[in-house]
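>
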Amino acid sequence: MASHSGISSSYQTDVESDGLSKRPIQTIEESASDSVDVSGDVIDHGLRRGLKGRHFVLIALGSIIGPGTFYGLGYALYLSGPLGLFIGFGAVAIAVWILMQCVGEVTAMFPVHGGFIEHANRFVDPALSFALAWLYYLMWSLYLASDWNATVLILNYWVSSSTMPSWAWFLVFWVVYNLITTLGVRVYGELEYIFGMFKFCALIVLFFIAILANVGAFGNGYVGFRYWTPPNGPIINGILGFGQVFILAATYYVGTEVVSLAAGESKNPQRDIPASMSSITYRILIVYMGMAFFQGLICPSSAPGLIHADSAVASSPFTIGYELAGWKSAGHFVNAIIIVASISASNGVVYVQSRTLYTMALTGKAPSIFRRTSKRGVPYVAILFSNLWGFLALMNLSIDAGTVFTYFNSVSGTAAYFTWIIIMVTFLRLRTGLKAQGVDLSTLPFRARGSIWIYRLTLAFFVFLLFIQGFTSFVHGFHYKVFISSYITIPTFIVLFFGYKFYHKTRWVRAREMPISDRLVYDPALAETSETGWRRVWSVLKD
C-alpha cells in the first residue's frame, strides 16, 4: 500500500534540454526516499506532513472564508434580490457537494502533493494538468489581490484613505503575510484551526443577532419578510440578475477543493479526507446558505451601502441590516470580525498559491527555483513570489474599488468553473481506468456516492455555466470590458493546453495504462473510525 509521494519521469519527447523546453513529463509517484524529522513528521520531497486531523477539517470548513464572503454576497443581493441570492447559491451548492465527492474519492486514493493538479497529470493528460495548474494559480493570485482590496474597503471604515492610502496598507499586508506564511505548515494549521473556529462561532453569533434584528429587538420594529417583497425582492432584475449570481456563487464556493492540495501534508489522509468531505456539507449549509438567508432577511437589495461596480466604499449586509434595525454602531462589531477573517483568508490563499506553484516546479511545469524549501519544510521562494500578486489591488488607485472587485470576481469565477470541470473529468477518467483494470470500488478509502450519471450531469452543468456566464456583456449593447473579464480564461486555457501539448507531444492517458497500482486501499486501522457525518468530524477535531 502506498504511503507518500515521489517523482518519476516519463519521456514523451526525443530531446531534453534545460529549462521548460523539451523536458521529460514528470509525475509525482510512489517513493521510498521520504525521511522523518526529530518531531516525527514525514518530510515528503521537501514538504512536512504536519497537518493533524483537526487542522485538516477546519481548512476544509472555512480557511478561505474571507472579507469578500461577508460583504460580497451583498453584490448578489443587489443583483437578484434575497430569494434570487438564496436559490442561486443553493443550486451551485448542490453541484459543489457532488464535486467534492469526486475530490474525496480521488484524493483519498492518491494524497499527493498538488492534489487534483497532479491527478490530471497522471490520469488524463500532462497538458491538461499544465493548463489547469497555471489557470488555478492565476485564479488564486487574483483572489489574493481581491482580498487585499476588500480588506482596505473595510479598513476605510475606521481609517480614511487620506490618512492611510491603499498602497501603504498593501505594504503592511505584504510584510505580515510573508512572516506568517513562512513559519511552517504546523503554524499554518494551528492558525487556521483558531481562525476557523473563530469564524464559525462568529457566524453563529451574527445569525443570532440577525434574528434579534428581524424581530425588532433593537427598537426599529418587526421586519419579518418585508425585504422579500417588491421593490426589494424576492427576485429582482429577472434572468439578468439571477444569471450573474451563478458566477458569484462559483467565486465564493471555490476553495472547497483545497483539501486535495492539503492532503499532501496530512499525517493521516485515510482518516482526514473522509472527515473533511463530511465537513463540506456543514460549510455549505452553515456558511453560504446561512449567510445568504440571513443577509437577505435583514438587508434590502436596494440599500446604498451594498457593493457593486460603482462602489468606492462598501458595507456588509449584516452591518446595513443591524443599523436599519436600530443598532447604529454595528459596523465596528461586524468589521472587526471581517478583519480577522481577512487575515485567515489571505493566509489560506498564499498557502494554496505556494503549494500549486511548488507542485508545478516539482513536475517541471514551472521554474525549478520554486522547488526550494526551508528546513521547516516551507516552499519559501514560492511563498515570497506568490505574495507579490496582492499588489494587483493597486488597480483601485485608478478605478473604483467596486469595479476592481467585479473584474476580479468575473475572471476568478470562470477560472473556478474550469477547475471544477477538469476535476470532474479526471474523476470520470479514473473511474474508467479502475474499471478497465478490474479494481473493486469497495477497496477505495472513500467512495463517491450515487450513480455515475449524477457526476456526468453535474459536469455538463458546469460546462453550461462556463459558457453562459458572460451573457450580460451582450445585454443593452456589447460591453467589451465585461466580455473580456468573463471569457478571457477560455483562450488562456486553450493557449496553455495546446501549446504544452504540441510542444511536448503529450497524449491522452489510456485507461489500461493509468498508474494506479500505488493507490491507497481502505485500511480500518488507518481510518481509525467507522463513524459518519458530524460524529466523524468531531472525532477528528479532537485530534
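Position 325 of the sequence shown, counted from 1, bears residue number 840 in the numbering used here, the numbering being contiguous throughout.
Cβ atoms here follow ideal geometry from the backbone N, Cα and C, with glycine treated the same way.
(1) Which residue marks the beginning of the alpha helix (DSSP H) containing W655, and which one marks its end?
(2) Based on Cα-Cα distance, which residue from E772, Q785, L600 and L755 lies nearest to V990?
(3) If V773 sits next to L718, beta carbons under 8 Å apart, how far is it from one beta carbon to the other, in whole angstroms?
(4) Do three or more CB pairs link the region 580-597 to the region 662-671 at distances below 8 Å?
(5) Just verifying my parser: in three-state terms, what is the DSSP assignment at T811?
(6) May I have the straight-line CA-CA distance separating L600 from G711, to the nearest angstrom?
(7) What does a CB cutoff of less than 6 Å around I884 pick up in its chain, not counting 5 residues either side in sequence?
(8) DSSP state of F993, grouped into three classes?
(9) Counting C-beta neighbours from all protein chains within 10 Å, is the total for F723 16 or more, i.e. buried, or is it exposed?
(10) Less than 6 Å between C-beta atoms, sequence neighbours within five positions excluded: which residues of the same chain meet that for Y922?
(11) Note down the Cα distance separating G561 from T934, rounded to an integer number of angstroms.
(12) To the nearest angstrom, how far is the alpha carbon of T1044 from that of P784?
(13) For F1083 and L670, I'd like the C-alpha separation in whole angstroms.
(14) Kindly provide the ranges of any alpha helix (DSSP H) runs that are 4 or more residues long and lie completely inside the region 741-779, ordered along the chain.
(15) In the DSSP assignment, find the unbroken alpha helix (DSSP H) run with M875 in it and report its ends.
(16) Roughly how many angstroms lie between the CA atoms of L698 and S677, to the nearest whole one?
(17) Report yes if the C-beta distance between N924 and T771 is below 8 Å; otherwise report no.
(18) Run the CB neighbour count on E633, radius 10 Å, all protein chains shown included, and call it buried at 16 or more, exposed below.
(19) For W673, which three-state DSSP category applies?
(20) Tell me the rounded alpha-carbon separation between V674 and L686.
(21) Could you check what DSSP says for Q984 in three-state terms: helix, strand or coil?
(22) When burial is assigned at 16 or more other CB atoms within 10 Å of the CB, is S966 buried or exposed?
(23) Would I852 and L643 qualify as a contact pair, given that the criterion is a beta-carbon distance under 8 Å?
(24) Just how far apart, CA to CA, sit N735 and A648?
(25) Please report how far the alpha carbon of F833 lies from the alpha carbon of A591, in whole angstroms.
Working from what's here:
(1) Along the sequence shown, read from residue 1 onward, the residue named residue 655 stands at position 140. Segment P641 to L670, the alpha helix (DSSP H) holding W655.
(2) Counted from its first residue, the sequence shown places residue 990 at position 475. Here the closest residue by C-alpha is L755.
(3) Counted from its first residue, the sequence shown places residue 773 at position 258. Counted from its first residue, the sequence shown places residue 718 at position 203. The Cβ separation is near 19 Å, so there is no contact.
(4) yes
(5) As a position in the sequence shown, residue 811 is number 296, starting the count at 1. The question names Thr, but residue 811 is Gly in the sequence shown. Residue state, collapsed to three classes: helix.
(6) For this step, residue 600 is matched to residue 85 along the sequence shown. For this step, residue 711 is matched to residue 196 along the sequence shown. Taking the straight line joining both Cα atoms gives about 24 Å.
(7) Residue numbering aside, residue 884 sits at position 369 when the sequence shown is read from its first letter. If we look at I884 and ignore the five residues flanking it on each side, its Cβ neighbours are V896.
(8) Here the question's residue 993 lines up with position 478 in the sequence shown. In this structure, F993 counts as coil in the three-state DSSP scheme.
(9) Here residue 723 corresponds to residue number 208 of the sequence shown, with the count starting at 1. Answer is exposed; the Cβ neighbour count stays below 16.
(10) Walking along the sequence shown from the start, residue 922 turns up at place 407. Cβ within range, chain order: S1000.
(11) For the purposes of this step, residue 561 is taken as the residue at position 46 of the sequence shown. For the purposes of this step, residue 934 is taken as the residue at position 419 of the sequence shown. Since pLDDT at G561 reaches only 48, below the 50 mark, its modelled position is unreliable, and the value read off the structure follows with that caveat. Near 26 Å, if we compare the C-alpha coordinates of T934 and G561.
(12) For this step, residue 1044 is matched to residue 529 along the sequence shown. For this step, residue 784 is matched to residue 269 along the sequence shown. At T1044 the pLDDT is 47, less than 50, meaning the model places this residue with poor confidence; the figure from the coordinates comes in the next sentence. Cα-Cα distance, rounded: 13 Å.
(13) Any question about residue 1083 goes unanswered here, given that the chain covers just 516 to 1058.
(14) 753-768 and 773-777
(15) On the sequence shown, residue 875 is found 360 positions in, with the first residue counted as 1. From DSSP, the alpha helix (DSSP H) with M875 extends over A845 to L877.
(16) Here residue 698 is taken as the residue at index 183 of the sequence shown, counted from 1. Here residue 677 is taken as the residue at index 162 of the sequence shown, counted from 1. Between L698 and S677, the C-alpha separation is close to 34 Å.
(17) Position 409 of the sequence shown, counting from 1, holds the residue named residue 924. Position 256 of the sequence shown, counting from 1, holds the residue named residue 771. No.
(18) The residue you call residue 633 lines up with position 118 of the sequence shown. E633 comes out buried.
(19) To locate residue 673, count along the sequence shown from 1; it is residue 158. DSSP places W673 in coil when its eight states are reduced to three.
(20) The residue you call residue 674 lines up with position 159 of the sequence shown. The residue you call residue 686 lines up with position 171 of the sequence shown. Straight-line Cα distance between these residues: approximately 16 Å.
(21) For the purposes of this step, residue 984 is identified with residue 469 of the sequence shown, where counting begins at 1. Correct three-state label for Q984: coil.
(22) Here the question's residue 966 lines up with position 451 in the sequence shown. Burial call: exposed.
(23) One-based indexing of the sequence shown puts residue 852 at position 337. One-based indexing of the sequence shown puts residue 643 at position 128. Against a cut-off of 8 Å, the Cβ pair of L643 and I852 comes out as no contact.
(24) For the purposes of this step, residue 735 is identified with residue 220 of the sequence shown, where counting begins at 1. For the purposes of this step, residue 648 is identified with residue 133 of the sequence shown, where counting begins at 1. C-alpha separation (whole angstroms): 51 Å.
(25) For the purposes of this step, residue 833 is taken as residue 318 along the sequence shown, with counting starting at 1. For the purposes of this step, residue 591 is taken as residue 76 along the sequence shown, with counting starting at 1. One C-alpha to the other measures close to 14 Å.
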